[in-house]
Amino acid sequence: MVILALLAAGCGSPSPGSGPSPAVADASRVDMCTILTDTQLTALGLDVNTRKPFDKVGVVGCGWQGKSLTLGLERDRETVASYKARQHDPAFTSFADNTVNGRAGAHLSVDRERDDCTQLVDGGLVSLVVSVAPAFSLSGPSVDSCAEALRIAQMIEPRLPKAGS
Numbered sequence: 501m502v503i504l505a506l507l508a509a510g511c512g513s514p515s516p517g518s519g520p521s522p523a524v525a526d527a528s529r530v531d532m533c534t535i536l537t538d539t540q541l542t543a544l545g546l547d548v549n550t551r552k553p554f555d556k557v558g559v560v561g562c563g564w565q566g567k568s569l570t571l572g573l574e575r576d577r578e579t580v581a582s583y584k585a586r587q588h589d590p591a592f593t594s595f596a597d598n599t600v601n602g603r604a605g606a607h608l609s610v611d612r613e614r615d616d617c618t619q620l621v622d623g624g625l626v627s628l629v630v631s632v633a634p635a636f637s638l639s640g641p642s643v644d645s646c647a648e649a650l651r652i653a654q655m656i657e658p659r660l661p662k663a664g665s
């Protein structure tokens with residue numbers, strides 16, 4: 501799933517710099533497999549029975565499949581800042597800073613087709629990752645992966661620990 505997390509499409513436009521991001525609490529204990537309820541996952545068009553947990557090379561999370569998309573929710577030991585520091589890495593086919601409900605983030609791609617999208621969210625000592633890919637279809641992608649990844653990240657962000665709490 502680490503590879504799936506990085507196979508993503510560039511989307512949206514970078515946010516203009518508006519000063520430093522607010523302090524973020526450590527989200528290294530957030531369970532990305534349960535951060536969304538079964539009802540929310542079903543509303544996203546996912547089959548909750550396809551949940552597949554993984555723990556590989558510092559990335560812990562779960563993946564789900566649906567008729568129109570696949571979703572990966574992960575906690576990565578690499579921070580958003582460390583991704584940003586290497587945004588010009590040739591492995592990325594696109595990379596842009598953005599925000600999720602005011603929290604620092606970025607989206608990136610390593611996929612040439614850019615059908616997939618990975619949205620990073622600042623979790624302090626970790627990054628939280630939302631990866632969306634269109635489900636296989638002979639008629640081509642039926643979902644805007646970046647818009648969906650950002651929308652899901654915006655659903656998750658209010659549940660993340662806040663600084664000072």
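So in our numbering, spot 133 of the sequence shown is number 633, and the numbers just go up one at a time. Cβ atoms here follow ideal geometry from the backbone N, Cα and C, with glycine treated the same way. As the structure is a prediction and not an experimental result, all values here were calculated from the model.
Host beta strand (DSSP E) of T579 (start-end): Secondary structure note for T579: it is in no beta strand (DSSP E), with a DSSP letter that is neither H nor E.
My assumption, with CB atoms under 8 Å, is that T542 sits in contact with Q565. Please give the rounded CB distance. In this structure, T542 and Q565 do not form a Cβ contact; the two beta carbons are roughly 13 Å apart against a cut-off of 8 Å.
Whether or not the segment 614 to 633 and the segment 651 to 665 are in contact is what I'm after, with contact meaning three or more pairs of Cβ atoms, one per stretch, closer than 8 Å; do they touch? The segment 651 to 665, when compared against the segment 614 to 633, does touch it at the 8 Å Cβ threshold.
Between which two residues does the beta strand (DSSP E) harbouring S609 extend? For S609, the enclosing beta strand (DSSP E) starts and ends at R603 to S609.
Sorted by chain position, which residues of the same chain lie with C-beta nearer than 6 Å to S568's C-beta, five sequence neighbours on each side aside? By the criterion of a C-beta distance shorter than 6 Å, S568 is surrounded in its chain by G545, A635, S642 and V643, once the five residues flanking it on both sides are discounted.
Between the C-alpha atoms of N601 and E657, what's the straight-line distance to the nearest angstrom? E657 has its alpha-carbon roughly 7 Å from the corresponding atom of N601.
Output the distance between the C-alpha atoms of S594 and D611, rounded to the nearest integer angstrom. Approximately 9 Å, taken between the alpha carbons.
Using the three-state DSSP reduction, which class does L660 fall into: helix, strand or coil? Looking at L660 - three-state DSSP - the assignment turns out to be coil, as it is neither helix nor strand.
Could you check which residue in P590, A591, A581 and C617 has the C-alpha nearest to that of A604? Selected option, being the one with the closest Cα: A581.
Simplified DSSP assignment, three categories, for A653: A653: helix per DSSP, three-state reduction.
Tell me the rounded alpha-carbon separation between D538 and H588. The alpha-carbon separation between D538 and H588 amounts to approximately 37 Å.
Can you list, in chain order, the residues of its chain whose CB lies under 6 Å from that of S521, leaving out five sequence neighbours each side? Low local confidence applies: a pLDDT of 49 at S521 is under 50, so the model's placement there is unreliable, and no value is given.
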